[in-house]
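Here is the structure we will look at.
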Amino acid sequence: MPIQNFTARVADSTLLTDKFHYLHLELIEPKRIVFTAGQYILLSVPGTEQKKSYSIASSPEMDHAIELLIDMSPLGVGTTYINNLKLGDVVQFAAPSGQFAIAQPGTPIGDSEKALVFIATGSGITPVKSMILDQLQTRKDVRKIILHWGLRLESDLCWLDEFEELARAFPNFQFHPVLSKAEAEWPLCRGRVTDCFEIHPMVPEAGYYLCGNKQMIDDVQKFLLQKGVSNDRIHHEKFY
Amino acid sequence: MAVTQGSNLASDNAAEPNTTATGKYKVTVLRDKCIGAASCVAIAPKVFALDSEQKAVIIGQDELDDVKLLAAQSCPTAAIVVTDIETGEQVWPK
């Protein structure tokens, strides 16, 4: 879809954890948005003409609003602006942008991907959540769908209930959170997300969707290529 | 931006100034500043591409001025310079 300018109203602004800020933006004009899961918006920040890129977390099925999850740790002009937003404030953005998307069945790559494996670090979960919601709820994708999400601390975890609920509702979906600074009692995967990913058995003929920091993407990409995964089945979006 | 609310940034609109595909803006990439985020490629794929070193390169100038400017403004390191070729003025970064 072509990029358009939007105005939207802040309908929810919540600091979910010390690290992540959730925004729900109800569209004012245009009232509807058409985007592909995995795409992002270019938020206008008053006082600067530079646009800040934030991936959309919500499903494309919800076309009257968008949800964002923003990593507040960079402490730049974008995060300062978001931190000061109040309910009812009006924001402006251009959207949709980005080419990080699921290879859909009917395309040569899409048809070759017999399962989908998502590997995210930090706020890299944002476009991945949109993709997973879209595949499971809207497209009724019955392929095996696995999510590995790497964070530092248990207190960084958000949306845990939502992903666990998805795993209950859709037996083809598996969720593996992994913490690099886990407490002793943390029962699940620990270490880097790549450690978690390497522990679990490889899924044959899967498509891999990576989103997060550059180091993780480089490491996973190298690992997958060594395992013989075709480069055209490795899709990624680097977050900076 | 000279774009109206809800307008389509990627469409031709001959009635508007600066919206022909051969507009007055020229973009260049500061290679040392480019980190390969590729937001420019996503917004203006007719103008930008990533090379083998994952750096943005110019592959054409045939795009709407507003789209070129948006691509430049989306760059997290301000590695894209937009120049008005009629006046010589640097439009972005300011």
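Chains as they are written, first to last, in our numbering: chain A, 1 to 240; chain B, 241 to 334.
Glycine included, every Cβ here is placed at the ideal spot set by N, Cα and C.
On a predicted model such as this, the values are computed, not experimentally measured, just so you know.
Practice problem: Name, going along the chain, the residues of the region 221 to 238 of chain A whose beta-carbon falls closer than 7 Å to a beta-carbon of chain B. | Solution: Lys238
Exercise. For serine 123 of chain A, decide whether its Cβ has a neighbour in chain B, counting only Cβ atoms nearer than 8 Å.
Key: Numbered from 1 along the first sequence, position 123 holds the residue referred to as residue 123 of chain A. Closer than 8 Å: no.
Quiz prompt | Start-to-end residues for the alpha helix (DSSP H) that takes in glutamine 226 of chain A | solution = Working through the first sequence from its first residue, we reach residue 226 of chain A at position 226. Where glutamine 226 of chain A is concerned, the enclosing alpha helix (DSSP H) stretches over 214 to 226.
Self-check item: Partner residues on chain A for leucine 290 of chain B, Cβ-Cβ distance less than 9 Å
Solution: Here residue 290 of chain B refers to the residue found at position 50 when the second sequence is read from its first residue. In chain order: nothing, as chain A lies at least about 11 Å away.
Practice problem: Report the neighbours of alanine 282 of chain B on chain A: residues whose CB is nearer than 7 Å to its CB, in chain order. | Solution: Taking the first residue of the second sequence as 1, we reach residue 282 of chain B at position 42. Simply Ser97, Gly98, Gln99.
Self-check item: Nearest candidate by alpha-carbon position, reference aspartate 305 of chain B, set B:Ala289, B:Ala319, B:Glu326
Solution: The count along the second sequence starts at 1 and reaches residue 305 of chain B at position 65. Taking only the C-alpha atoms, the option nearest aspartate 305 of chain B is B:Glu326.
Quiz item: When the Cα of aspartate 134 of chain A is compared with those of A:Phe170, A:Val229, A:Lys222, A:Thr17, which residue comes out closest?
Solution: Start at 1 with the first residue of the first sequence, and residue 134 of chain A comes out as number 134. Out of A:Phe170, A:Val229, A:Lys222, A:Thr17, A:Phe170 has the C-alpha closest to the C-alpha of aspartate 134 of chain A.
Quiz item: Which residues in chain B sit within 9 Å of leucine 42 of chain A, going by Cβ to Cβ distance?
Solution: To locate residue 42 of chain A, count along the first sequence from 1; it is residue 42. Simply Ser279, Ile283, Leu310, Gln313, Ser314.
Quiz item: If you drop the 5 nearest sequence neighbours on each side, which residues of the same chain put their C-beta closer than 8 Å to that of glycine 300 of chain B?
Solution: Position 60 of the second sequence, counting from 1, holds the residue named residue 300 of chain B. Cβ neighbours of glycine 300 of chain B beyond the five flanking positions: Lys286, Val287.
Quiz item: Leaving out five residues before and five after lysine 214 of chain A in sequence, what residues of the same chain have Cβ atoms less than 7 Å from its Cβ?
Solution: As a first step, residue 214 of chain A is located in the first sequence; it is residue number 214 there, counting from the start. Excluding residues within five positions, the ones whose Cβ falls inside 7 Å are Lys238.
Practice problem: Measure the Cβ-Cβ separation of isoleucine 70 of chain A and histidine 24 of chain A and say whether it is below 8 Å. | Solution: Position 70 of the first sequence holds residue 70 of chain A. Position 24 of the first sequence holds residue 24 of chain A. Not a contact, by the Cβ cut-off of 8 Å.
Self-check item: Beta-carbon proximity check, aspartate 63 of chain A vs valine 90 of chain A, cutoff 8 Å
Solution: In the first sequence, counting from the first residue as 1, residue 63 of chain A sits at position 63. In the first sequence, counting from the first residue as 1, residue 90 of chain A sits at position 90. For aspartate 63 of chain A and valine 90 of chain A, no; Cβs fall outside 8 Å.
Practice problem: Could you name the residues that DSSP lists as bridge partners for proline 187 of chain A? | Solution: Against the first sequence, residue 187 of chain A aligns to sequence position 187. Answer is none; proline 187 of chain A lacks a bridge partner.
Quiz prompt | lysine 51 of chain A, DSSP secondary structure in three states | solution = Locating residue 51 of chain A in the first sequence gives position 51, where the first residue counts as 1. Correct three-state label for lysine 51 of chain A: strand.
Quiz item: Taking only beta-carbon atoms, is serine 53 of chain A less than 8 Å away from chain B?
Solution: Looking up residue 53 of chain A in the first sequence gives position 53. It does; some Cβ of chain B falls within 8 Å.
Self-check item: Cβ of glutamate 164 of chain A within 8 Å of any chain B Cβ
Solution: One-based indexing of the first sequence puts residue 164 of chain A at position 164. No - not a single Cβ of chain B is within 8 Å of the one on glutamate 164 of chain A.
Quiz item: Can you tell which of A:Met72, A:Gln99, A:Asp219 has the C-alpha that lies nearest to the C-alpha of aspartate 18 of chain A?
Solution: Sequence index remark: in the first sequence, residue 18 of chain A carries index 18 (1-based). The shortest C-alpha separation from aspartate 18 of chain A is found at A:Met72.
Quiz prompt | Cross-chain neighbours of alanine 319 of chain B in chain A, by beta carbon under 8 Å | solution = Start at 1 with the first residue of the second sequence, and residue 319 of chain B comes out as number 79. The premise fails here: alanine 319 of chain B is roughly 12 Å from chain A at the closest Cβ pair, so nothing lies under 8 Å.
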